[in-house]
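Visitor:
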Amino acid sequence: MPCRKVCYQVCDTTREVITRIVSILLVLLQGGILDTLLYLHYGGNWFCWFVADAVSAILFAVAFVVAVEHYRKTKNNRRESESHLCHGRALGLLPLGYVAWFTYSGLVVPRVVLIFKHIAAGLDEDDILGPNFLKTALALTAPIFLLMVLSQHNKRQTLERRHYIQTLVAAVPFDILDSVEFLEILFVQESRLVLPFFLENLIIAFPCINFIIPGFCFVVLSHSFYGERPLSGGFQFIYTLSHILLVNVPFLAIRIYLWHLLSHDISVFFIKNIMMICLGVNDLYEICGESDDDGVDGAGADMPPSRKFRDKLVFNDTYDPNDRVEYPDLRYADLDLRPRRVY
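Okay, structure coming up:
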């Protein structure tokens, strides 16, 4: 048994280290490919983008170190963890997570705009740095996002917290891949389409927005303390609505336009856009309904009843022992069970 426990701890630590290293390497690899394309096309001082990639990678590394230190300090200190929840933080838990992502995406988006405005149309399939290589580089944003999420939250968490995080981030990688496929329209030698100027700008703009949106996912996770405390229904409503209006609706509308008016081949992501719009509308309906039921700005929306009750207890200064009998799943809540003196 001790040997098995040691092996588990070694594998667990190794997995964490590998996850963080791979995430940083993917950031550098993606940036290197985009920088090389820009340098080959423009020449000059485009090597400064490599410095920007290094800054982005350093921010990722700092965010990982801060996360490790935080969970190490709070691992055996429930009182400190409860104090963080009760008093809260204006910037949320581990704010460097979304700071790192906004910096990373803010450096990726200008290069994407330059490449697809001036370079993509001339790329040839026979070139090493051709369309497929560029699409692969941009698609790396999806695994970078997932690895970033895995590196920021505590792996030892309740099923409810894990479900909350998975529900929030599940659609993001597919939206990123959808954006990469959407940009494929601008490879003129493949699509054989000559697009109006305004439509070309829209096709570039919405995927670029979609590279930034995952940062707001980290904001939501941070302010909900990675599923530890409920988030207001208004916050969830805005986040869900942004995914509908900034990702799936414009992608669907442009694809229908290209299909019917320009006879462009339809993409399988066409069905994905319809499904995600329907699911998003359903989520908005449930958020509004639960907000009315709760009567307090939707606190605890999208969470099971036991989760809502547990969070109310976490923030409550009183504790009734009978609650533990009625709700046995409260055994993992960070509650102070010491008797309180009544004055």
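Start counting the sequence shown at 1; every next residue gets the next number (UniProt numbering).
Backbone N, C-alpha and C fix where the C-beta goes; we use that ideal spot for every residue, glycine too.
Since the model is a prediction, treat every value here as computed from it, not as a measurement.
Can you tell me whether DSSP reads Ile33 as helix, strand or coil?
Guide: Three-state DSSP puts Ile33 in a helix.
Visitor: Around the Cβ of Pro196, are there at least 16 other Cβ atoms within 10 angstroms (buried) or fewer (exposed)?
Guide: Exposed: under 16 other Cβ atoms inside 10 Å.
Visitor: When the Cα atoms are used, what is the spatial distance from Ala139 to Val180?
Guide: If I take the Cα positions, the gap works out to 6 Å.
Visitor: Does the Cβ-Cβ distance between His118 and Leu193 come in under 9 Å?
Guide: No, the pair does not count as a contact, with Cβ atoms beyond the cut-off.
Visitor: Hey, which unbroken runs of the alpha helix (DSSP H) at 4 residues or more fall wholly within the region 86-160?
Guide: For the region 86-160, whole alpha helix (DSSP H) runs of length 4 or above, ordered along the chain, are 96-118, 131-139, 141-152.
Visitor: Just the C-alpha distance for Phe225 and Val108, rounded to the nearest angstrom, thanks.
Guide: Going from the Cα of Phe225 to the Cα of Val108 covers about 27 Å.
Visitor: Would you mind sorting Val10 into buried or exposed? The rule is 16 or more other CB atoms within 10 Å of its CB.
Guide: Classification for Val10: exposed.
Visitor: Keeping to the same chain, check which residues put their C-beta closer than 7 Å to that of Ile24; ignore five residues upstream and five downstream.
Guide: Ala57, Phe60, Ala61, listed in sequence order.
Visitor: Short check: CB of Leu38 to CB of Trp49, under 9 Å?
Guide: Taking 9 Å as the Cβ cut-off, Leu38 and Trp49 qualify as a contacting pair.
Visitor: Are the Cβ atoms of Ile287 and Ala137 separated by less than 9 Å?
Guide: No. Outside cutoff.
Visitor: Name the two residues that bound the continuous alpha helix (DSSP H) containing Pro196.
Guide: It is not in any alpha helix (DSSP H) - Pro196 carries neither H nor E in the DSSP assignment.
Visitor: Would DSSP call Phe64 helix, strand or coil?
Guide: Correct three-state label for Phe64: helix.
Visitor: Is the CB-CB distance between Met276 and Asp124 below 9 Å?
Guide: Result no, Cβ atoms of Met276 and Asp124 do not sit closer than 9 Å.
Visitor: How big is the Cα-Cα spacing for Phe116 and Cys7?
Guide: In a straight line, the C-alpha of Phe116 is about 48 Å away from that of Cys7.
Visitor: Please report the distance separating the alpha-carbon of Val51 from that of Arg4.
Guide: Taking the straight line joining both Cα atoms gives about 44 Å.
Visitor: Please report how far the alpha carbon of Asp311 lies from the alpha carbon of Asn248, in whole angstroms.
Guide: Bear in mind that the predicted position of Asp311 carries a pLDDT of just 42, short of 50, making it too unreliable to give a figure here.
Visitor: Could you tell me the boundaries of the alpha helix (DSSP H) in which Phe237 lies?
Guide: Here the alpha helix (DSSP H) through Phe237 covers 233-243.
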